[in-house]
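Chemist: Count along the sequence shown from 1, add 25, and you get the number used in this note's numbering.
Virtual Cβ for every residue (Gly too), placed ideally from N, Cα, C.
Just so it is clear, the structure is predicted and the values come from calculations on it, not from any experiment.
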Amino acid sequence: MKPISVSARQFPGDFVWGTATSAFQIEGASSADGKGPSIWDSFCTRPGAIKDGSDGKVACDHYHRYREDVDLLSDLNVDAYRFSMAWPRVQPCGKGAWNEAGFGFYDRLLDALAEKRIDAHMTLYHWDLPQALQDEGGWLNRDTAHRFADYAYEVKRRFGDRIAAIATHNEPWCTANLGYGNAQFAPGVADLKQSVQVSHHLLVSHGLAMQAMRAAPGSARLGIVLNQWTADPATDSEADRALAEWEYARSVQWFMDPIFKKRYPELALQGYGADAPQVQAGDFDIIAQPLDFLGCNYYFRAWCSAEDPPRPAPAPLGTTDMDWEIYPEGLPELLLKLKAEYPLPPLYITENGMARADAVENGSVRDPERIAFVQAHLAALHRAMCEGVDVRGYFLWSLLDNFEWNSGYAKRFGIVHVDYQTQRRTLKDSARWYRDFLAHGAR
Ligand code: GCO
């Protein structure tokens, strides 16, 4: 990929620039100060679940090094930092007693961010359900949605004036499809019917949490973060086109329709047949709460081939270390499609970035492909904004190399390299580029 010229000055003066992380992927300290175990702590002990056999016990040790990491953020000139709260850190069993020591960590993190004038964008649920709730059925148990709303209320009550934005869920598609559909993620279940029911409970929990947080004090803006993609048929064949429509319906519309149209997409319901979820009267009224923002995580498009084996995506710009096609054009295509289909609130690109097999050589990490990746996506994003899509911010995934779920530490998404033996942080060239990009756009 060639470098593309893009400047922060092209974007609105109040555009929010940030980086993103999540609790389980960076914090470590998995049983410190009263934290309860999460489903990811458990999943990591399952033989073969994590490709490199690793776990989240230490991760980036951010729990102990958060000050250094906030200094890094400040050096990068970002306006905002997106991170998640570990539910079992603040409520070890997912219900009942709060863990003050756990809240203490986020209190200190928020103070450190405020000191550096960095806005906090917090996610309540980035996949680390308290194991105690899993023992009672996890997201398959509708009661978990109510426990989630209690947790959301408490967080907003305590921190609602110190956090710019709170997202209920990060990528509920992953929780349902990877956690319950194909067992790649915790809790490691492979059962279509369960995964579809879980997706419904996640949506209900989002709605209940939104209602609870609206009733709590605090000025934080409230929304949800979805992973989204366009779905392109590999050929013009009827089978490929049908597959692409199905893919878009079951992934994007499945979460957008309930929130914005109080229904599930007909095509997906038909496809699921007997596996369609049980929906109670009034559920769509709960789910369709007004949002202050919608977070969109964009990494790739879905390439839909019904052939066996499937036709590979053309990938003229190459693929990332995850084997994901680099396809910046999909971002404006997706955003314009969403704008045409839904009454959207302001959008944030809450994740975008790439994995690369990075290594430190002579004290530096050369990652020109990542710089080109971000530039290309920003240029594409800017085109969507020129065409009228209301996007308010961009968060690069990720600040640090971290625990990439079932890939363990083998995949590096950070703009800052982490040496897991020493916990040494080294700015990659992409971090230096982002820092300068933001400095030149200084307002
Ligand atoms: C996601 C998660 C992140 C991942 C990132 C790279 O989008 O899947 O939010 O936790 O690490 O996306 O896969």
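1) Is the distance from the Cβ of Leu-158 to the Cβ of Gly-119 below 9 Å?
2) Would you say the beta carbon of Ala-380 comes nearer than 8 Å to a heavy atom of ligand 1?
3) Report buried or exposed for Pro-339, applying the criterion of at least 16 other Cβ atoms within 10 angstroms of its Cβ.
4) Within the same chain, show all residues whose beta-carbon is closer than 6 Å to that of Pro-258, passing over the 5 residues directly before and after it, in chain order.
5) Can we say the region 345-352 touches the region 273-285, given the rule of at least three CB pairs closer than 8 Å?
6) Rounded to a whole number of angstroms, what is the C-alpha to C-alpha distance between Gly-466 and Arg-417?
7) Please list the terminal residues of the continuous alpha helix (DSSP H) segment that includes His-171.
8) Taking the beta carbon of Val-385 as the centre, do at least 16 other beta carbons fall within 10 Å, making it buried, or is it exposed?
9) Closest to Leu-97 by CA distance: which of Ala-464, Leu-463, Phe-462 and Ala-456 is it?
10) Between which two residues does the alpha helix (DSSP H) containing Met-281 stretch?
11) Can you grab the Cα-Cα spacing for the pair Leu-154 / Leu-369, in whole Å?
12) Tell me which residues share the same chain as Asp-317 and place their Cβ nearer than 7 Å to its Cβ, disregarding the 5 neighbours each side in the sequence.
13) Scan the region 79-154 and note each continuous alpha helix (DSSP H) run of 4 residues or more that stays entirely inside, going in chain order.
14) Judging by CA-CA distance, which residue of Tyr-367, Arg-391, Tyr-373 and Arg-395 is the nearest neighbour of Ala-380?
15) Compute the Euclidean distance between the alpha carbons of Asp-216 and Asn-431, then round it to the nearest angstrom.
16) Alpha carbon to alpha carbon, how far is Ala-382 from Leu-27? Give it in angstroms, no decimals.
17) Would you mind sorting Lys-141 into buried or exposed? The rule is 16 or more other CB atoms within 10 Å of its CB.
18) Runs of 4 residues minimum, wholly inside the region 239-311: which ones carry the alpha helix (DSSP H) assignment?
19) According to DSSP, is Leu-452 part of a helix, a strand, or is it coil?
20) Residues around ligand 1, please: the condition is that the C-beta lies closer than 6 Å to some non-hydrogen atom of it.
21) Of all the options Ala-301, Phe-108 and Ile-64, which has the alpha carbon lying nearest to the alpha carbon of Ala-18?
22) When DSSP labels each residue in this structure, what does Ala-340 get in the three-state scheme?
23) Output the boundary residues of the beta strand (DSSP E) element that contains Ile-191.
24) Per the contact definition of three or more C-beta pairs closer than 8 Å, is the region 68-81 in contact with the region 161-180?
25) Can you have a look at Cys-321 and say buried or exposed, based on whether 16 or more other CB atoms are within 10 angstroms of its CB?
26) Going by DSSP in three states, Ser-330 sits in which element: helix, strand or coil?
27) Thinking just about the alpha-carbon of each residue, which of Thr-193, Glu-366 and Ala-404 is nearest to the one in Lys-286?
28) When the Cα of His-194 is compared with those of Met-110, Asp-300 and Lys-218, which residue comes out closest?
29) Buried or exposed for Pro-334, going by 16 or more other Cβ atoms inside 10 Å?
30) Find out if the Cβ-Cβ distance for the pair Ile-440, Leu-424 is shorter than 9 Å.
31) Would you call the region 49-59 and the region 80-90 in contact, with 3 or more CB pairs under 8 Å?
32) Of the residues Leu-361, Val-390 and His-402, which one's Cα is nearest the Cα of Gly-413?
33) Using the rule of at least 16 other Cβ atoms within 10 Å of the residue's Cβ for burial, across every protein chain shown, is Ala-299 buried or exposed?
34) Can you tell me whether Ala-409 is helix, strand or coil according to DSSP?
35) Less than 8 Å between the CB atoms is what I'm expecting for Ile-312 and Leu-363, so what's the real figure, rounded?
Modeler: If we stick to the structure as given:
1) Start at 1 with the first residue of the sequence shown, and residue 158 comes out as number 133. Start at 1 with the first residue of the sequence shown, and residue 119 comes out as number 94. Cβ atoms of Leu-158 and Gly-119: closer than 9 Å.
2) By 1-based counting over the sequence shown, the position of residue 380 is 355. Answer for Ala-380: yes, Cβ within range of ligand 1.
3) Locating residue 339 in the sequence shown gives position 314, counting from the first residue. Its Cβ having fewer than 16 others within 10 Å, Pro-339 is exposed.
4) Taking the sequence shown and counting its residues from 1, one reaches residue 258 at position 233. Only Asp-265, Arg-266, Ala-269 and Cys-329 meet the Cβ criterion.
5) no
6) As a working note, residue 466 is residue 441 in the sequence shown. As a working note, residue 417 is residue 392 in the sequence shown. Their backbone Cα atoms lie some 15 Å apart in a straight line.
7) Here the question's residue 171 lines up with position 146 in the sequence shown. From DSSP, the alpha helix (DSSP H) with His-171 extends over 168-184.
8) Within the sequence shown, the letter at position 360 stands for residue 385. Under this definition Val-385 is an exposed residue.
9) Counting from one through the sequence shown, the residue named residue 97 turns up at place 72. Answer by Cα proximity: Ala-456.
10) Within the sequence shown, the letter at position 256 stands for residue 281. Residues 279-286.
11) Position 129 of the sequence shown holds residue 154. Position 344 of the sequence shown holds residue 369. Looking at the two C-alpha atoms, the distance is approximately 29 Å.
12) Numbered from 1 along the sequence shown, position 292 holds the residue referred to as residue 317. Excluding residues within five positions, the ones whose Cβ falls inside 7 Å are Arg-246, Leu-247, Gly-248 and Pro-370.
13) 87-100, 112-115 and 125-140
14) For the purposes of this step, residue 380 is identified with residue 355 of the sequence shown, where counting begins at 1. It is Arg-395 whose Cα lies nearest to the Cα of Ala-380.
15) Residue 216 sits at position 191 when you count from the first residue of the sequence shown. Residue 431 sits at position 406 when you count from the first residue of the sequence shown. Going from the Cα of Asp-216 to the Cα of Asn-431 covers about 18 Å.
16) To locate residue 27, count along the sequence shown from 1; it is residue 2. To locate residue 382, count along the sequence shown from 1; it is residue 357. Just to set this straight, residue 27 is Lys in the shown sequence, not Leu. Cα-Cα distance, rounded: 19 Å.
17) Here residue 141 corresponds to residue number 116 of the sequence shown, with the count starting at 1. With fewer than 16 other Cβ atoms within 10 Å, it is exposed.
18) 263-273, 279-286 and 291-297
19) In the sequence shown, counting from the first residue as 1, residue 452 sits at position 427. In the structure shown, Leu-452 sits in a strand (DSSP, three-state: E or B).
20) Ser-47, Gln-50, Asn-195, Glu-196, Cys-199, Asn-252, Asn-322, Glu-376, Trp-422, Glu-429 and Phe-438
21) In the structure as shown, the chain begins at 26 and stops at 468. Residue 18 is therefore absent and cannot be evaluated.
22) Here residue 340 corresponds to residue number 315 of the sequence shown, with the count starting at 1. Coil, per DSSP.
23) The residue labelled residue 191 in the question sits at position 166 within the sequence shown. It spans 190-195 - the beta strand (DSSP E) in which Ile-191 sits, taken as one unbroken run.
24) no
25) One-based indexing of the sequence shown puts residue 321 at position 296. Per the 10 Å Cβ criterion, buried.
26) Indexing the sequence shown from 1 puts residue 330 at position 305. Ser-330: coil per DSSP, three-state reduction.
27) Counting from 1 along the sequence shown, the entry for residue 286 is found at position 261. Out of Thr-193, Glu-366 and Ala-404, Glu-366 has the C-alpha closest to the C-alpha of Lys-286.
28) On the sequence shown, position 169 is the one that residue 194 refers to. His-194 has its Cα closest to that of Met-110, out of Met-110, Asp-300 and Lys-218.
29) Along the sequence shown, read from residue 1 onward, the residue named residue 334 stands at position 309. Pro-334 comes out exposed.
30) The sequence position of residue 440 within the sequence shown is 415, counting from 1. The sequence position of residue 424 within the sequence shown is 399, counting from 1. Yes, these two residues count as a Cβ contact at 9 Å.
31) yes
32) Taking the sequence shown and counting its residues from 1, one reaches residue 413 at position 388. It is Leu-361.
33) Locating residue 299 in the sequence shown gives position 274, counting from the first residue. So Ala-299 counts as exposed.
34) Locating residue 409 in the sequence shown gives position 384, counting from the first residue. It is helical.
35) Position 287 of the sequence shown, counting from 1, holds the residue named residue 312. Position 338 of the sequence shown, counting from 1, holds the residue named residue 363. Not really, about 17 Å apart at Cβ, beyond 8 Å.
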